[in-house]
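Input: a single structure, listed below in structure tokens.
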Amino acid sequence: MIQALRGTRDILPEEVVYWQLIEATVAEILGRAVYREIRAPIFEQTALFERGIGEATDVVGKEMYTFSSRGDQSITLRPEGTAGVVRAYIQNKLYAQGGVQRLWYTGPMFRYERPQAGRQRQFHQVGLELLGCDAPRADAEVIALANNILQTLGLQNLEMDINSVGNGEDRQNYRAALVGYLEPYKNDLDADSQERLIRNPLRILDSKDPQTQEIAQNAPKITEHLSVASKNHFDTVLQLLRDLNIKYQINHCLVRGLDYYTHTAFEIKSNDLGAQATVCGGGRYDGLVKELGGPETQAVGWAIGMERLVLLLQQLDSIAVNSPDLYIVSRGVAAEAQGLLLAQKLRSLDLGVELDLSGSAFGKQFKRADRSGAVACLVIGDAEAENQSVNLKWLASGEQQAIAQKDLLDMVAELKAKIKGLKSS
Ligand code: ATP
Ligand code: MG
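Per the working numbering, the sequence shown starts with residue 316, numbered consecutively.
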């Protein structure tokens, strides 16, 4: 048998209800803040990600699914959403519409990683980008929206880390101070970090190696090397977060090493997720649009990992699967044909109707009706088929009544009210 590829998985119907809940919540919350959904392609030219994410990152360095297509062009399955959205923003001249663009996206992403709980090779993100605004209020708005989504979904035990990486000049100054501090420890750093000491020392701060982490703890802090303007930006963001009653802690080791990442960087983590704890990562990237060939455009955004969110939701109460309002039981050639017809008519009147297709004995069909979660059953046998009627049976009480099929359709409003009442009780 051919199996699914390692690091990919099927999301079965029992789990899809969680995904739908997340998608609906995201669409509603972001819709209210007037973010508009954008759908970019799943594959792009490799160069987009090399420039948009940076060759020195793990993602570009070792995690991309890159292949050459028939025309010998190098193509990559998107490992994240921002680069594609920014390309679309530039290519479609969305900046020419003036003002800010508030965009969101969702969909599969691809990274060649070691699969484990909450880490896959095909995974999904929902993300947003606010382009064309450098105000600290924009940073605060996007963080508040991430918070709204996670809270509305009922997630607790979340913590937000935040930091500022300033602008390019701030980082240049800081870099010197950091390297000065790290040099004496050079031989105690992990191998990757030793190499980064020359190429990209800031990234040493988020090394996962315990000994390197310990050394990083006492490193000079980037926030102590910010220009007045950068410090003001950061302080204002923090003040706005306090005004919004959003809890945060400053994490001096939270950095993004690339030049187009600026100012705010943040991460939201859960204490209920084990090793793969980060559900949301984001920040400001004032240099990226220009880097990718667009006009100078300040921007801020985030991405939430959907798989990790689903894992958290599954730890909460289970969500009721979508059960039908009515279940149609029929037996006999004429009855079965009428059952199908009736199901379609009732569905068009906005009722959830499951049609038993088994043709098995009434008893078996009734058992399935009970298991379906339907509130009532519509039974059509030879006798009912003969006079175009149906037996309406309320499953909880066992109460039943014979009724003409056309009368049933006439009393749909009444039927819906009763079903609604029974479902909520
Ligand atoms: P990590 O440190 O977990 O590798 P990252 O820094 O690579 O995360 P980002 O690129 O910031 O992650 O992506 C944002 C979010 O997408 C992460 O916080 C996480 O929730 C999710 N995510 C990233 N990689 C994966 C993956 N391979 N499988 C599942 N979810 C992922
Ligand atoms: Mg990663």
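Here a beta-carbon is modelled for each residue, glycine too, at the ideal position from N, C-alpha and C.
Just so you know, these numbers come straight off a predicted model, no measurement behind them.
Straight-line Cα distance separating residue j from residue i
| i | j | result |
| --- | --- | --- |
| Ile390 | Thr361 | 5 Å |
| Ser663 | Gln406 | 42 Å |
| Leu569 | Gly322 | 27 Å |
| Gly736 | Val690 | 10 Å |
| Lys536 | Tyr489 | 8 Å |
| Ala618 | Gln703 | 56 Å |
| Arg393 | Gln720 | 53 Å |
| Gln431 | Leu730 | 48 Å |
| His540 | Cys448 | 24 Å |
| Pro466 | Val648 | Before going further, note that residue 466 is Gln rather than Pro in the sequence given. Spanning the two alpha carbons is a distance of roughly 52 Å. |
| Leu624 | Asp640 | 29 Å |
| Cys692 | Val644 | 7 Å |
| Tyr600 | His578 | 8 Å |
| Glu428 | Glu395 | 14 Å |
| Leu446 | Ala398 | 13 Å |
| Asn560 | Phe425 | 35 Å |
| Ala508 | Asn586 | Inspection of the sequence shows that residue 508 is occupied by Ser rather than by Ala. About 27 Å. |
| Ser687 | Val332 | 16 Å |
| Lys682 | Val694 | 13 Å |
| Gly609 | Gly386 | 27 Å |
| Glu444 | Ala711 | 49 Å |
| Ser545 | Tyr350 | 27 Å |
| Ala355 | Ile718 | 53 Å |
| Glu778 | Leu655 | Outside the displayed span of the chain (316 to 740) sits residue 778, for which this structure offers no information. |
| Glu498 | Glu330 | 50 Å |
| Leu336 | Ser739 | 19 Å |
| Gln715 | Ala698 | 16 Å |
| Lys733 | Thr340 | 28 Å |
Status (buried if at least 16 other CB within 10 Å, exposed otherwise) for residue i
| i | result |
| --- | --- |
| Asn783 | A query on residue 783 cannot be resolved here, the shown segment of the chain reaching from 316 to 740 and no further. |
| Asn482 | buried |
| Lys501 | exposed |
| Glu582 | buried |
| Glu370 | exposed |
| Gln435 | buried |
| Lys584 | buried |
| Pro451 | buried |
| Phe382 | exposed |
| Phe677 | exposed |
| Gln280 | Residue coverage of the chain in this structure runs from 316 to 740, which leaves residue 280 outside it and unanswerable. |
| Leu327 | exposed |
| Gln440 | buried |
| Asn547 | exposed |
| Arg511 | buried |
| Ile368 | buried |
| Asn781 | Beyond the ends of the chain as shown, which are 316 and 740, falls residue 781; an answer cannot be given. |
| Arg646 | buried |
| Val375 | buried |
Opposing strand residues paired with residue i [DSSP bridges]
| i | result |
| --- | --- |
| Ser704 | Ala719 |
| Leu446 | Gln416 and Ala614 |
| Cys568 | According to DSSP, Cys568 bridges with nothing at all. |
| His439 | Pro423 |
| Ser479 | Thr579 |
| Thr593 | Lys584 |
| Ile695 | Ser645 |
| Gly620 | Gln440 |
| Glu343 | Looking at the DSSP assignment, Glu343 forms no beta bridge with any residue, so it has no partner. |
| Gly598 | Ala580 and Gly616 |
| Arg351 | Leu418 |
Option nearest residue i by Cα separation, candidates the options
| i | options | result |
| --- | --- | --- |
| Ala534 | Asp550, Leu517 and Ser545 | Leu517 |
| Ala592 | Ala461, Glu359, Met475 and Leu443 | Met475 |
| Ile458 | Gly596, Asp485 and Asp632 | Gly596 |
| Tyr575 | Thr612, Thr551 and Tyr563 | Thr612 |
| Asp558 | Ser542, Glu395, Gly616 and Ala455 | Ala455 |
| Ala342 | Gly369, Gly609, Ala506 and Leu468 | Leu468 |
| Leu672 | Leu666, Asp665, Ala684 and Leu661 | Ala684 |
| Gln388 | Lys377, Leu363, Thr372 and Val401 | Leu363 |
| Val604 | Glu329, Arg366 and Ile353 | Arg366 |
| Asn472 | Leu628, Ser675, Thr551 and Ala658 | Leu628 |
| Leu504 | Lys733, Leu493 and Ser522 | Ser522 |
| Ala348 | Met379, Ser384, Ile368 and Arg417 | Arg417 |
| Ile530 | Gly495, Thr538 and Gln554 | Gly495 |
| Val415 | Pro423, Leu336, Tyr404 and Gly713 | Tyr404 |
| Ala590 | Leu626, Lys562 and Gly616 | Leu626 |
| Leu723 | Ile734, Ser739, Lys733 and Val705 | Val705 |
| Gln532 | His567, Lys562 and Asp665 | His567 |
| Val400 | Trp419, Ala411, Gly413 and Ser384 | Trp419 |
| Asp373 | Leu631, Glu714 and Arg571 | Arg571 |
| Glu701 | Asn637, Ile317, Ala339 and Ala652 | Ala652 |
| Leu661 | Ala728, Met621, Ser638 and Asp524 | Ala728 |
As an exercise, report each continuous beta strand (DSSP E) stretch of at least 3 residues that is fully enclosed by the stretch 370-436, in chain order. 380-383, 389-392 and 416-425
Could you tell me which uninterrupted beta strand (DSSP E) segments, each at least 3 residues in length, are contained entirely in the stretch 660-697, listed from first to last along the chain? 668-670 and 691-695
Identify every run of the alpha helix (DSSP H) within the stretch 474-560, keeping only runs that are complete inside it and at least 4 residues long; order them along the chain. 483-497, 506-514, 525-532 and 543-558
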